[in-house]
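There are 2 protein chains.
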Amino acid sequence: MTVTVSSPAERRRNKIRARILSAAERVFAREGAEGLSIRRLAENIDYSPAAIYKYFKSKDELVDELKETFFELILENVNRIADTSTPFAERSRDCVATYVQIATDKPYHYAAAFAGESGTQAPVDGEPGFAQSKKGQAFMVLSGMISEGVEIGAFRSDIDPTLAAKSIWASMHGLAMMIVHIPTYPAFKVEQATMTRNDFILYHADQVIRGLEAHHG
Amino acid sequence: MTVTVSSPAERRRNKIRARILSAAERVFAREGAEGLSIRRLAENIDYSPAAIYKYFKSKDELVDELKETFFELILENVNRIADTSTPFAERSRDCVATYVQIATDKPYHYAAAFAGESGTQAPVDGEPGFAQSKKGQAFMVLSGMISEGVEIGAFRSDIDPTLAAKSIWASMHGLAMMIVHIPTYPAFKVEQATMTRNDFILYHADQVIRGLEAHHG
DNA sequence: ATATTTTAGTGAACAGTGTTTACTTTTTGA
DNA sequence: TCAAAAAGTAAACACTGTTCACTAAAATAT
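If you read the sequences in order, they're chains A and B. 216 is the number that numbering that gives the first Met the number 0 gives the last residue of the first sequence; the numbers go up by one with no jumps. 216 is the number that numbering that gives the first Met the number 0 gives the last residue of the second sequence; the numbers go up by one with no jumps.
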């Protein structure tokens with residue numbers, strides 16, 4: 000009995016799995032879940048449609064893996080910024096902005112990650128799984144930052160970091176979803192709008208954070 | 000040539016159209032666009048599937064009408080509150096809260112209204128159509144309230160109402176979408192959470208509005 | 001090395017979907 | 001009353017995700 004954690008067979012299997020996922024990722028990023036059909040995917044990698052089901056129980060399960068990988072990307076980036084030693088004000092701002100930017104960079108991924116609809120795994124629930132999920136970890140980063148803000152006196156002292164984080168997260172999520180669904184957001188010209196998208200993301204981040212700030216008069 | 004704007008034939012037609020829409024509404028509210036199949040719908044009203052296409056060009060067009068009607072509902076309610084003479088502080092708060100409450104009351108409607116995906120009509124664009132759409136009108140109510148807040152000195156004087164409205168709307172949208180996609184939001188217990196949903200909606204509304212407030216020290 | 005068992009892969013089918021076409025029946029307007 | 005327009009339909013088309021019975025190949029055990 001060897002100690003190799005992966006037999007040749009297993010390695011080969013994982014390789015093919017990865018090839019399927021990679022092909023799926025390409026299509027999904029461009030056309031979303033609806034554009035990603037098993038038959039098309041099978042054709043792309045020169046397999047029969049039924050072959051996919053030897054590697055994934057269902058299309059949902061396949062897509063779920065794309066979503067999880069995507070949220071890993073968000074978490075990594077947000078974490079990287081959160082661990083920086085830049086001043087709190089811009090660090091928190093950057094976290095919020097980065098979250099929205101990555102989300103809108105892969106709109107189909109982001110929208111799907113929150114559409115429990117097709118997802119088989121409870122996306123985020125009252126269940127213990129949440130704290131371990133990538134989404135849950137991202138949330139912890141956020142509430143951690145808010146705690147820090149309260150501690151250093153930047154935020155009001157009566158703030159409950161967990162509660163506030165839920166509100167802030169919703170606000171970030173909202174802008175991300177707006178941009179995802181309305182590609183021209185925020186520039187639907189009810190009148191001339193000159194602000195660029197990235198500037199608006201920062202504007203929104205400031206707006207959201209300002210709701211937490213303490214005011215030393 | 001009579002002046003009757005609707006002939007008997009036309010009235011009959013509209014009646015059947017309404018019956019189709021009504022049946023569609025029932026199914027859609029419970030199961031969303033995916034659960035609403037033309038065949039099922041046809042069976043419900045004792046017609047053949049093809050008959051539906053004498054009244055609607057496509058399923059998308061049918062669903063678009065459900066969405067438009069839904070946003071009429073939101074607009075009516077928000078407008079009703081906005082025209083109240085209650086103090087500005089709670090009036091603005093109520094507007095935000097009502098928007099989110101109605102949205103989450105019909106989650107499939109709200110999510111679909113923003114999912115350009117299946118929608119054929121540009122949902123909200125840089126195009127002139129926006130100002131006339133129900134969504135556009137709801138946006139005008141919001142930016143109008145912000146203007147009022149700036150005028151009476153409740154909000155900071157450097158605020159651009161249009162820009163701020165876009166940010167606030169995103170924040171409202173975010174909470175609505177969170178609740179839509181995560182039915183237990185905000186109570187995914189990373190620790191014990193005792194706040195009810197409606198209370199949290201109000202909490203969020205306060206949080207969002209606070210970002211606009213002037214601080215007279 | 002041989003026999004056995006597990007895995008990989010396939011073609012065809014099932015049960016759905018939205019939509020179109022050719023056709024029949026009904027209703028309408030003059 | 002009669003032609004024209006509209007309402008309604010059955011059947012098919014082109015898709016979808018998924019399953020099943022089956023074969024070919026690779027891994028394992030003897």
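Where a beta carbon is used, it is the ideal one built from N, C-alpha and C, also for glycine. Note that this is a predicted model, so its numbers are computed, not measured.
Out of the options, which has the shortest C-alpha to C-alpha gap to residue i?
| i | options | result |
| --- | --- | --- |
| A:Phe55 | A:Ile19, A:Pro185, A:His180, A:Gln100 | A:Ile19 |
| B:Leu35 | B:Tyr46, B:Leu61, B:Asn13 | B:Leu61 |
| A:Ala17 | A:Ser47, A:Ala28, A:Ile51 | A:Ile51 |
| B:His180 | B:Ile158, B:Asp205, B:Lys105, B:Val149 | B:Lys105 |
| A:Gly173 | B:His214, B:Phe113, B:Asn197 | B:Phe113 |
| A:Glu71 | A:Ile200, A:Lys53, A:Met194, A:His108 | A:His108 |
| B:Ala169 | B:Ala204, B:Asp59, B:Arg12, B:Asn76 | B:Ala204 |
| B:Thr81 | B:Gly128, B:Thr183, B:Glu30, B:Gly148 | Checking the sequence, you will find Ala at residue 81 of chain B rather than Thr. Of the listed residues, the one whose Cα sits closest to B:Ala81 is B:Gly148. |
| A:Ser146 | A:Ala41, A:Phe87, A:Ser132 | A:Phe87 |
| B:Ile15 | B:Arg92, B:Leu40, B:Ala130 | B:Leu40 |
| B:Asp157 | B:Ser132, B:His214, B:Ala130, B:Ile200 | B:His214 |
| B:Arg38 | B:Gly31, B:Ala32, B:Ser47 | B:Ser47 |
| B:Phe129 | A:Ala32, A:Ala186, A:Ala130 | A:Ala186 |
| B:Asn13 | B:Ala32, B:Glu30, B:Lys53 | B:Lys53 |
| A:Glu33 | A:Lys58, A:Lys134, A:Ser6 | A:Lys58 |
| B:Phe69 | B:Pro160, B:Glu24, B:Arg11 | B:Glu24 |
| A:Gly31 | A:Arg11, A:Ser6, A:Asp63 | A:Asp63 |
Within the continuous alpha helix (DSSP H) that includes residue i, where are the two ends?
| i | result |
| --- | --- |
| B:Tyr46 | Here B:Tyr46 belongs to no alpha helix (DSSP H), and DSSP marks it neither H nor E. |
| B:Leu141 | 133-150 |
| A:Phe199 | 196-209 |
| B:Ile80 | 58-81 |
| B:Arg25 | 7-34 |
| B:Lys165 | 160-180 |
| B:Pro106 | 106-113 |
Just to confirm before moving on: does the CB-CB distance between residue i and residue j stay below 8 Å?
| i | j | result |
| --- | --- | --- |
| B:Ser166 | A:Tyr98 | no |
| A:Leu74 | A:Gln136 | yes |
| A:Val26 | B:Gly210 | no |
| A:Asn43 | A:Ala28 | no |
| A:Met144 | A:Cys94 | yes |
| A:Met177 | A:Tyr184 | yes |
| A:Asn78 | A:Ile101 | no |
| B:Phe154 | B:Glu67 | no |
| B:Ser142 | B:Ala175 | no |
| B:Ala110 | B:Ile200 | no |
| A:Arg92 | A:Thr83 | no |
Residues of chain B with a CB under 7 Å from the CB of residue i: which are they?
| i | result |
| --- | --- |
| A:Pro185 | Lys165 |
Who are the neighbours of residue i on chain A, taking C-beta pairs under 8 Å?
| i | result |
| --- | --- |
| B:Tyr202 | Leu162, Ser166 |
Which residues in chain B have a C-beta closer than 9 Å to the C-beta of residue i? List them in chain order.
| i | result |
| --- | --- |
| A:Met176 | Phe113, Ala169, His172, Gly173, Met176 |
Just to make sure I have the definition right: I need the residues of chain B whose C-beta is within less than 8 Å of the C-beta of residue i. Which are they?
| i | result |
| --- | --- |
| A:Met217 | Nothing about residue 217 of chain A can be reported from this structure: the residues present for chain A run from 0 to 216 only. |
What does residue i reach in chain A if we use C-beta pairs closer than 7 Å?
| i | result |
| --- | --- |
| B:Gly210 | Gln206, Val207, Arg209, Gly210 |
| B:His108 | Neighbours of B:His108 on chain A: none; closest Cβ ~14 Å, over 7 Å. |
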